[in-house]
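Respectively, the protein sequence lines represent chains A and B. Residue 1 is where the first sequence starts when you use the numbering used here, and the numbers rise one by one after that. Residue 1 is where the second sequence starts when you use the numbering used here, and the numbers rise one by one after that. Glycine included, each C-beta is placed from N, C-alpha and C at the ideal position. As the structure is a computational prediction, the values presented were derived from the model and not from experiment.
Number of protein chains: 2
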Amino acid sequence: MKIDPNSNADLSAQIAKSIRDAIISGDLIVDQRLPSEAELSDQFDVSRPTVREALKRLAAQSLIRTQRGATGGAFVNKLSFEEAYPQQITTSTLLLSMNAVSFETACEARYTLERSCAPLSALRRTADHLATMRAEIHRQSQPGLTDEAFCASDVAFHRALVDGAGNPVLSYQLAGAVEAMQPLMNMITFSARDRAKIIELHTALADALEANNAIGVDTALAGLESYTTNLAKSVMEKRKNKA
Amino acid sequence: MKIDPNSNADLSAQIAKSIRDAIISGDLIVDQRLPSEAELSDQFDVSRPTVREALKRLAAQSLIRTQRGATGGAFVNKLSFEEAYPQQITTSTLLLSMNAVSFETACEARYTLERSCAPLSALRRTADHLATMRAEIHRQSQPGLTDEAFCASDVAFHRALVDGAGNPVLSYQLAGAVEAMQPLMNMITFSARDRAKIIELHTALADALEANNAIGVDTALAGLESYTTNLAKSVMEKRKNKA
DNA sequence: GCCATTTAAATGCCAGACAATTAAATAACT
DNA sequence: AGTTATTTAATTGTCTGGCATTTAAATGGC
Chain A
1 MKIDPNSNAD
11 LSAQIAKSIR
21 DAIISGDLIV
31 DQRLPSEAEL
41 SDQFDVSRPT
51 VREALKRLAA
61 QSLIRTQRGA
71 TGGAFVNKLS
81 FEEAYPQQIT
91 TSTLLLSMNA
101 VSFETACEAR
111 YTLERSCAPL
121 SALRRTADHL
131 ATMRAEIHRQ
141 SQPGLTDEAF
151 CASDVAFHRA
161 LVDGAGNPVL
171 SYQLAGAVEA
181 MQPLMNMITF
191 SARDRAKIIE
201 LHTALADALE
211 ANNAIGVDTA
221 LAGLESYTTN
231 LAKSVMEKRK
241 NKA
Chain B
1 MKIDPNSNAD
11 LSAQIAKSIR
21 DAIISGDLIV
31 DQRLPSEAEL
41 SDQFDVSRPT
51 VREALKRLAA
61 QSLIRTQRGA
71 TGGAFVNKLS
81 FEEAYPQQIT
91 TSTLLLSMNA
101 VSFETACEAR
111 YTLERSCAPL
121 SALRRTADHL
131 ATMRAEIHRQ
141 SQPGLTDEAF
151 CASDVAFHRA
161 LVDGAGNPVL
171 SYQLAGAVEA
181 MQPLMNMITF
191 SARDRAKIIE
201 LHTALADALE
211 ANNAIGVDTA
221 LAGLESYTTN
231 LAKSVMEKRK
241 NKA
């Protein structure tokens, strides 16, 4: 393997790209062992620290894992949905916070995606999903719950709804949309009245899901979206007037 | 700052996590300069190569960028949607190829998400989006087009549809779902008859979008999904009988 | 005041070494 | 022979020290 010395990219970035491409194309398959760092240094004609920087880049993307010891080395990692979740959530969160995405835009995206899962979830949700949602509703009605805990419970509730669709690809894609909204929602202070209204809608949602009523689920979600949006709007308004 | 020597994680991983957390929490803000590698070595009490490995991990996630020279250093990067796209697509693609996700499951997720964008796109699509879609339809009807090129055009067509919703968060989330399907679709051989049918559905879709007819768009998408799924099923069947 | 040069600070890269870990090979012992 | 203890070898993890390269600012000459 060779590296272009005229490229303006770091050597470690070029090497990482070379190996990453090999993984994507299938040249390197899951659990296959990469050459040792010393061998890679020879092959790419760079020093070991440079190879290591390249490997750390790949490790940061969960594309490889490393083991120490005699039979150790770097191995192509089987990227699992579980591993990809946090990455997806971190990225989505930072995208929202760094790009001045309005609450409305984020909210619209989140509920648009979530509503698309509703029919499938109404069809396929298991008793487990329903139980999780009922439990979260119960938690949400506890007095003395902090806004953060309320929002976290809200996220758990909605993730159960999404998971009810029984499609891991959907769950993965939705994780970013649903979880990344939490920091934004945390900025809203929920009064007792707000919570009661949200719990009411959550209950309607769970009821509809229990009855396999897709339209009812969609209606409840639409209600939640408009209520959340309006709530956020009024909170922002109040803050603006105060300042 | 301190690092736990009892943790079984690499020092570079711990340092990367520490800095990453500072970025997520807002302790480090966009375009802020991190301490130099030498200063970080002192602060974390590790050597410079270890610090560098940590920084490369963060760079691989586009959380920082580095500049050489007198006023250079590592800066917190403003994560843009454009930067996040390829990451998202790579991850989604690998998730599908490494986890034996069935074509049906992937297809269901993709069309479920895409159909959720349809009403918004019917409402907001610009002339530009329509023009892109018409151009791709034209390209798809060219004889002699390879299956790969046909699929790539298909992806471009659908991305224009999604972008028509005018919500960058939606576009980002959908990018993974739509683009990651391409390698799977490339495995299907599209006969002339298949292509004609798909182009017919694409045209119906564009027509409905032009008329701001949300229901028509949804119908066309539903038709596409079932046609694609059946096509894939018959191709797989044929291959199985052959072998 | 403007341009060329020097300087200093920073990242990029390398060579070599040692520590820590791990599995396999070997030796010792029963 | 079988089992246990020891040694060995391979590999990653980390450190030290250094040099090359890049870049902006400081300096100096005109």
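Check: Could you tell me the alpha carbon to alpha carbon distance between Q67/B and K78/A, rounded to whole angstroms?; Outcome: 33 Å
Check: Mind checking L283/A: buried by the 16 CB within 10 Å criterion, or exposed?; Outcome: Since the displayed chain A opens at 1 and closes at 243, residue 283/A lies outside it and no answer follows.
Check: Below 6 Å CB to CB, which residues in the same chain sit around G164/A once its five sequence neighbours on both sides are set aside?; Outcome: S121, R125 and H129
Check: Decide if the region 222–236 of chain A is in contact with the region 200–214 of chain A; the criterion is three or more beta carbon pairs, one per stretch, under 8 Å apart.; Outcome: yes
Check: Along the region 30–47 of chain A, what residues have a CB closer than 9 Å to any CB found in chain B?; Outcome: V30
Check: Quick check: E39/B and V51/B, are their CB atoms within less than 7 Å of each other?; Outcome: no
Check: Name the DSSP bridge partner or partners of Q67/B?; Outcome: G73/B
Check: With distances taken from CA atoms, which of D154/B, A59/B, A54/B and I23/B is nearest R195/B?; Outcome: D154/B
Check: Determine, for E53/B, whether the minimum Cβ-Cβ distance to residues of chain A falls below 7 Å.; Outcome: yes
Check: Run through the region 163–192 of chain B for me and flag every whole alpha helix (DSSP H) of 4 or more residues, listed as ranges in chain order.; Outcome: 168–186
Check: What residue range does the alpha helix (DSSP H) around T132/A cover?; Outcome: A127 to Q140
Check: Give me the chain B residues within the contact set of A263/A, using Cβ-Cβ distance strictly less than 7 Å, ordered along the chain.; Outcome: For chain A, the structure presents residues 1 to 243; residue 263/A sits outside this window and is missing.
Check: So the alpha helix (DSSP H) V51/B belongs to, where does it begin and stop?; Outcome: R48 to A60
Check: Measuring alpha carbon to alpha carbon, tell me which residue in S102/A, A177/A and A54/A is nearest Q247/A.; Outcome: Summary: the structure shown does not reach residue 247/A, with chain A confined to residues 1 through 243, and so no result is reported for it.
Check: Using alpha carbons as the reference points, say which of S41/A, A206/A, Y85/A and M185/A lies closest to S318/A.; Outcome: The shown model of chain A, from 1 to 243, leaves out residue 318/A, and the question about it has no answer.
Check: Taking N212/A as the reference, which of C117/A, M236/A and S18/A has the closest Cα?; Outcome: C117/A
Check: What residue does the alpha helix (DSSP H) around P143/A start on, and which one ends it?; Outcome: Careful: P143/A lies outside any alpha helix (DSSP H) and carries neither H nor E.
Check: Alpha carbon to alpha carbon, how far is G166/A from R57/B? Give it in angstroms, no decimals.; Outcome: 33 Å
Check: Within 7 Å of any Cβ in chain B, is that where the Cβ of M98/A sits?; Outcome: yes
Check: Within 7 Å (strictly less), CB to CB, does S116/B reach chain A?; Outcome: yes
Check: In the DSSP assignment, what are the bridge partners of R195/A?; Outcome: Partner(s): none; R195/A has no beta bridge.
Check: For Q182/A, which residues of its own chain have a beta-carbon under 6 Å away from its beta-carbon, when the five flanking residues on both sides are left out?; Outcome: C151 and V155
Check: Just reading off the alpha helix (DSSP H) that N230/B is part of, what are its end residues?; Outcome: A214 to K242
Check: Would you kindly work out how many angstroms separate the C-alpha atoms of I19/B and A100/B, rounded to a whole number?; Outcome: 35 Å
Check: Could you check how far apart the C-beta atoms of G73/A and L34/A are, in whole angstroms? I think they sit under 8 Å.; Outcome: 6 Å
Check: So is K56/B in contact with chain A if we call contact Cβ pairs under 7 Å?; Outcome: yes
Check: What separation, rounded to the nearest whole angstrom, lies between the Cα atoms of A208/A and F157/A?; Outcome: 14 Å
Check: Quick check: what's the CA-CA separation for R134/B versus R159/B?; Outcome: 13 Å
Check: Taking the continuous alpha helix (DSSP H) assigned at K17/A, which residues delimit it?; Outcome: L11 to S25
Check: Measuring only the C-alpha atoms, how far is G176/B from L145/A?; Outcome: 36 Å
Check: Cβ of K17/A less than 7 Å from any chain B Cβ?; Outcome: no
Check: Check whether chain B comes within 7 Å of Q140/A, counting only Cβ atoms and requiring the distance to be less than that.; Outcome: no
Check: Expressed to the nearest angstrom, what Euclidean distance is found between the alpha-carbon atoms of A109/A and E114/B?; Outcome: 12 Å
Check: Please list the segments of the beta strand (DSSP E) lying wholly inside the region 84–108 of chain B, counting only runs of 3 or more residues, in order along the chain.; Outcome: none
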